[in-house]
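Read the structure below first, then the notes.
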Amino acid sequence: LAGVSFQQSLCRDCSFKGTNLKGASFFDGDLSNANMEGADLSGVNFELTCMRNANLKDAIVNGAFIQGTTKLDGISIEGADFSETLLRKDQQRYLCERASGTNPTTGIDTTDSLMCSQIKDLKKKK
């Protein structure tokens, strides 16, 4: 599914577990409760996408497009690698508050990939 356009698609509760989605586009789509565990999401366009409660555990999210009004409420990112992904400061803070683990494929810590050390007064979720 690499490079496929899912623009404005309703993919609620969909499973893309372990899928190669490099360069795909979910622009203005709905990925609420989607399972993307272990997926390769490198270069994916998530701008304006609702990712509420999506599972990105162990996903590779390198160089993805997330800025804009992408909704990240309740997202699961344990072990996800966000290297080279540009985020708004509020998105970065939100993700850093819930970041944990190391990506099993890249060996990169989630907190390092999100550059969490650059955020002042960061409060980690328990």
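According to this note's numbering, the sequence shown is numbered sequentially starting from 2. We put the CB at the ideal spot given by N, CA and C, even for glycine. Because the structure is a prediction, the values reported are computed rather than measured.
Residues near residue i in its chain [Cβ-Cβ closer than 8 Å; skip 5 each side]
i: Thr111; result: Ile78, Glu79, Gly80, Ala81, Asp82, Phe83, Ala100, Ser101, Gly102, Thr103 and Asn104
i: Cys15; result: Leu32, Ala35 and Asn36
Test item: CB-CB of residue i and residue j under 7 Å
i: Asn56; j: Asn36; result: yes
i: Gly128; j: Gly19; result: Outside the modelled stretch of the chain, which goes from 2 to 127, sits residue 128, for which no answer is possible.
i: Gly75; j: Arg53; result: yes
i: Met69; j: Leu87; result: The question names Met, but residue 69 in the sequence shown is Gly. No, Cβ-Cβ distance for Gly69 and Leu87 is not below 7 Å.
i: Asp41; j: Ile61; result: yes
Given residue i as reference, the closest of the options once Cα atoms are compared
i: Ser118; options: Leu96, Thr107 and Thr106; result: Leu96
i: Gln8; options: Asn46, Ser16 and Ile109; result: Asn46
i: Gly108; options: Phe27, Gln92 and Asp59; result: Asp59
i: Arg13; options: Ser114, Asn21, Lys23 and Asp29; result: Asp29
Sequence-distant residues of its chain with Cβ nearer than 7 Å to residue i (five each side left out)
i: Cys51; result: Asp31, Leu32, Ser33 and Lys72
i: Asp113; result: none
i: Ile120; result: Gln93, Arg94 and Cys97
i: Leu115; result: Phe83, Gln93, Leu96, Cys97 and Ala100
Proximal residues to residue i (C-beta, below 6 Å), its chain only, five neighbours per side dropped
i: Lys127; result: Summary for Lys127: the model assigns pLDDT 49, below 50, so the residue's position carries little reliability; its value from the coordinates is reported in the next sentence. Counting only Cβ-Cβ distances below 6 Å, and skipping sequence neighbours, we find nothing.
i: Ser26; result: Ser6, Gln8 and Asn46
i: Glu85; result: Asn63 and Gly64
i: Thr17; result: Sequence check: residue 17 is Phe here, not Thr. Met37 and Ala40.
i: Leu11; result: Asp31
Residue-level contact to chain B via CB, residue i, 7 Å cutoff
i: Arg13; result: Of the protein chains in this structure there is only one, and it is not chain B.
**Message:** List, from N- to C-terminal side, the alpha helix (DSSP H) runs of 4 residues or more that fit wholly inside the segment 33 to 119.
**Reply:** You should have 90 to 99 and 111 to 114.
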